[in-house]
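Each residue of the sequence shown is one higher than the one before, counting from 222 in this note's numbering.
For each residue, glycine too, the CB sits at the ideal point set by N, CA and C.
Quick caveat, the model's predicted, so the values are computed rather than measured.
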Amino acid sequence: MTGFFLTTACKEKPEVEPNDSVTAKAGDDQSVQVGQVVTLDGSASASSEGKPLTYQWTILRKPAKSTVSLSDATSFKPTFKPDEVGEYELELTVTSPNGKGTDKVLVIASVAEPLAINANITVKTTLVDRIANPDLPDYIVTKNIDVNHELTINPGVVIAFERDVRMNVNDNGGLLIAKGEAASKIKFVGVQKTKGYWVGIALYSGSNANVLEYAEVSHAGSRAIYSTTKAALFFSGGSKAQMAIKNSAFTDNDGYGIYIYPEGILREFAENGFRNNTEAGILLDAANVAKLDYFTTFKGNNGRNVVEVTPSNLKNGAEVVWGGFADKAPYRINGELTVDTGWKLNPSVTLEMNRDAVIRINTSGYLSAIGTTKDKVIFTSADGSAAYWRGIICYSADPKTVLENAEVRNAGGNIIVSAKKANIAIWGTKATMTIKNTKISGSGGYGILIGYGSSANADLTTANTFESNAQTNVLIEK
Numbered sequence: 222m223t224g225f226f227l228t229t230a231c232k233e234k235p236e237v238e239p240n241d242s243v244t245a246k247a248g249d250d251q252s253v254q255v256g257q258v259v260t261l262d263g264s265a266s267a268s269s270e271g272k273p274l275t276y277q278w279t280i281l282r283k284p285a286k287s288t289v290s291l292s293d294a295t296s297f298k299p300t301f302k303p304d305e306v307g308e309y310e311l312e313l314t315v316t317s318p319n320g321k322g323t324d325k326v327l328v329i330a331s332v333a334e335p336l337a338i339n340a341n342i343t344v345k346t347t348l349v350d351r352i353a354n355p356d357l358p359d360y361i362v363t364k365n366i367d368v369n370h371e372l373t374i375n376p377g378v379v380i381a382f383e384r385d386v387r388m389n390v391n392d393n394g395g396l397l398i399a400k401g402e403a404a405s406k407i408k409f410v411g412v413q414k415t416k417g418y419w420v421g422i423a424l425y426s427g428s429n430a431n432v433l434e435y436a437e438v439s440h441a442g443s444r445a446i447y448s449t450t451k452a453a454l455f456f457s458g459g460s461k462a463q464m465a466i467k468n469s470a471f472t473d474n475d476g477y478g479i480y481i482y483p484e485g486i487l488r489e490f491a492e493n494g495f496r497n498n499t500e501a502g503i504l505l506d507a508a509n510v511a512k513l514d515y516f517t518t519f520k521g522n523n524g525r526n527v528v529e530v531t532p533s534n535l536k537n538g539a540e541v542v543w544g545g546f547a548d549k550a551p552y553r554i555n556g557e558l559t560v561d562t563g564w565k566l567n568p569s570v571t572l573e574m575n576r577d578a579v580i581r582i583n584t585s586g587y588l589s590a591i592g593t594t595k596d597k598v599i600f601t602s603a604d605g606s607a608a609y610w611r612g613i614i615c616y617s618a619d620p621k622t623v624l625e626n627a628e629v630r631n632a633g634g635n636i637i638v639s640a641k642k643a644n645i646a647i648w649g650t651k652a653t654m655t656i657k658n659t660k661i662s663g664s665g666g667y668g669i670l671i672g673y674g675s676s677a678n679a680d681l682t683t684a685n686t687f688e689s690n691a692q693t694n695v696l697i698e699k
C-alpha cells in the first residue's frame, strides 16, 4: 500500500509593533513678573522604549495685547518673556517614532510695585533688581535725597525720580557704587520720560570708590544743579569730588550730561556716550580733558556736539596731552585758558573758541601743536566768523612752543596785548615760537604780532600761509 504523507506549511506569525508609551511633561506652572525671562522645561518627558523624542511647544493662549513668541519652539527648554499682565497657557507635544504625548503648563505674569525712597541714606545700603522688566522702575525717589553712607546699586536696577527731585552724594561718608553690566544696565530716569523732569545727581564725595559703569542717566535738568547750570551729573570742586565713569550714557537731559567744576576729578573715563542733551554732552575744566578717551561719542544730536571747556588753567605737572575723538568732536573753549605746563595737541584736534576766548601760554608753559598735512591742528572761531575770539598769546621762552601743520583762524576780535589785535602774539623778553606750514587767516588785526625782545623762526613769513587778515600779516616790533 502506497503511503501518503500530508504536509502543511507553517504560517509565520505577524510582527507586533512595540507599544511605545510617550509621556509629555511640560513642567510646573509658574508665577513670574512681566519682562522676566521664562524658561519652559520639557526634559522630564520620556519614552517607555527609550526612543529619541522630538518636541513642539505651542502658545495656546496669551493676553490680548501680547506679541510674544517662543525662542525655540522645537527645543525641550525654550524661553519667552511675558510682555503683558495675564495668563500664558502653553502646550508641549512630545513625539517618538511610535508614539506621542501632550501636556500643558500655565504661566501667570504680574507686575510688582516699585518701592519708594523717601529718606536719606544713612546706613550702608544696597538696591537690588526687584522688577524684571527693564522699562519699569524698581524704586521711585519721591523727595530730595542725601547719600551720607555707602550706596551700592546692583545691575538691572531702575531708579525713577519724581519731578524736581535730586540726589546728593555727600562727602565724609557718602559714596555711590553703581556698576551695571552690558546686558543689565543701571538706569537713573524720570518718572515721566521727558527732558528736564528731575534735577540730577550732585556729587560732593571725594571717595575714590565712586563709580558709574554700564549706567544710563536720563531726563534730568529740571532746575540748575549748581549756580545757573543744569546737568544730569555734577562734580563739586570744593570737595574735590571724584568718580570713574565707564560704558555709560547721558541722554535726553535738559542741560549738560556731565558738568565737572574746576578741582573736581574725573578719575577714569572710557567708552561713554552723550545723546540728545540740550547743551553739550560734557562741560569740564581743562585739567580733566586729558582723561577723555578716543572712543567716547560726543556728537549725538546734542545742542552742541562738542567737548566744552570752562575758563581754567593747566598747571603743575608733566606734559598734558589732548587727543582727538573717533567721532571728530571738537573742543569748545570758553573764556581764558591759561597754560603753565607743557600742553600738547595731537593731530586732528580742533579747538573752537567762543567769543573773546584767549589762550595764554605763560613763562612756565609751552604749546606743542604739531599736526600732519592730512590731520592738522585747528584753532578757529566757534561760529565760523572772522575776528571773533582774541587769539593765542605766548610769553614762553621754551623752544618746544611750536605750531606746525596747523591753522589759526578768525581771532583778533578784541585787543590781545599793547592795544593791538592779532591771531597770534609772541610777547615778552625771550618769548619765542616756531610756526611752520600753518595758515593764519581771518584776523581782526595782525596775523602774527611779535613784540620787542621776542622771536620766531627766521622763515616765518615764507613758511606759512596768510589770508584775509585785517592788518599786516606779520608785525615785528623793534
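- Residues of the same chain with a CB within less than 6 Å of the CB of Gly458, apart from the 5 flanking positions on each side, are Tyr482, Pro483, Glu484 and Gly485 in chain order.
- Take the alpha-carbon of Tyr616 and the one of Ile636: they are about 16 Å apart.
- Taken in chain order, the unbroken stretches of beta strand (DSSP E) that lie wholly in the segment 253-289 and span 3 residues or more are 275-282.
- In the DSSP assignment, the residues bridged to Lys408 are Val379 and Glu437.
- Taking the C-beta atoms as reference points, Ala423 is found nearer than 7 Å to Phe455.
- When DSSP states are grouped into helix, strand and coil, Asn509 belongs to the helix group.
- With a cutoff of 7 Å on beta-carbon distance, Thr346 and Leu372 are scored as near each other.
- The closest CA to that of Thr499, considering only Thr450, Asn537 and Ala491, is found on Thr450.
- Annotated as proximal: Ala465 and Val432, with beta-carbon spacing under 7 Å.
- When the alpha-carbon of Ser287 is set against those of Val378, Ser296, Glu308 and Lys272, the nearest one is in Glu308.
- Separation of the CB atoms of Trp419 and Ala441 is rounded to 5 Å, and the pair is thereby assigned contact status at 8 Å.
- Within the segment 474-545, the runs of beta strand (DSSP E) at least 3 residues long that lie entirely inside it are, in chain order, 477-481, 486-491, 494-496, 501-505, 525-530, 533-535 and 541-543.
- Look at the segment 294-325 and you find these whole runs of beta strand (DSSP E), each 3 residues long or longer: 307-317.
- If the five residues before and after Ile361 are omitted, its C-beta is found closer than 6 Å to the C-beta atoms of Pro335, Ala337 and Ala381, all from its own chain and listed in chain order.
- When Phe516, Lys400, Gly586 and Leu311 are compared, the shortest CA-CA separation from Glu540 is found for Gly586.
- The three-state secondary structure of Asp249, taken from DSSP, is coil.
- In the same chain as Glu698, and ignoring 5 residues on each side of it, the C-beta atoms closer than 7 Å to its own belong to Ile671, Gly672 and Tyr673, in chain order.
- In this structure Gln463 is buried. Its beta-carbon is surrounded by 16 or more other beta-carbon atoms within 10 angstroms.
- Of the residues assessed, Lys651 falls on the exposed side of the cut-off, its CB having fewer than 16 other CB atoms within 10 angstroms.
- Listed in chain order, the non-local C-beta contacts of Ser405 below 6 Å within the same chain comprise Pro376 and Gly377, local neighbours out to five positions each way being set aside.
- When C-alpha distances from Ala632 are compared across Asn626, Val289 and Met574, the shortest belongs to Met574.
- Excluding its 5 nearest sequence neighbours in each direction, Ile329 has C-beta neighbours in its own chain below 6 Å: Ser252 and Glu308, listed in chain order.
- In the structure shown, Val570 falls within a coil segment according to DSSP collapsed to helix, strand and coil.
- The segment 650-677 contains, as complete beta strand (DSSP E) runs of 3+ residues, the segments 653-657, 660-662 and 667-671 (chain order).
- Under DSSP, Val623 shares a beta bridge with Ser589 and Thr655.
- By DSSP's assignment, Trp419 forms a beta bridge with Ala441.
- Rounded to whole angstroms, the separation of the alpha carbons of Ser443 and Arg351 is 27 Å.
- Here Thr531 is actually not in contact with Phe495; their C-beta atoms are around 17 Å apart, not less than 8 Å.
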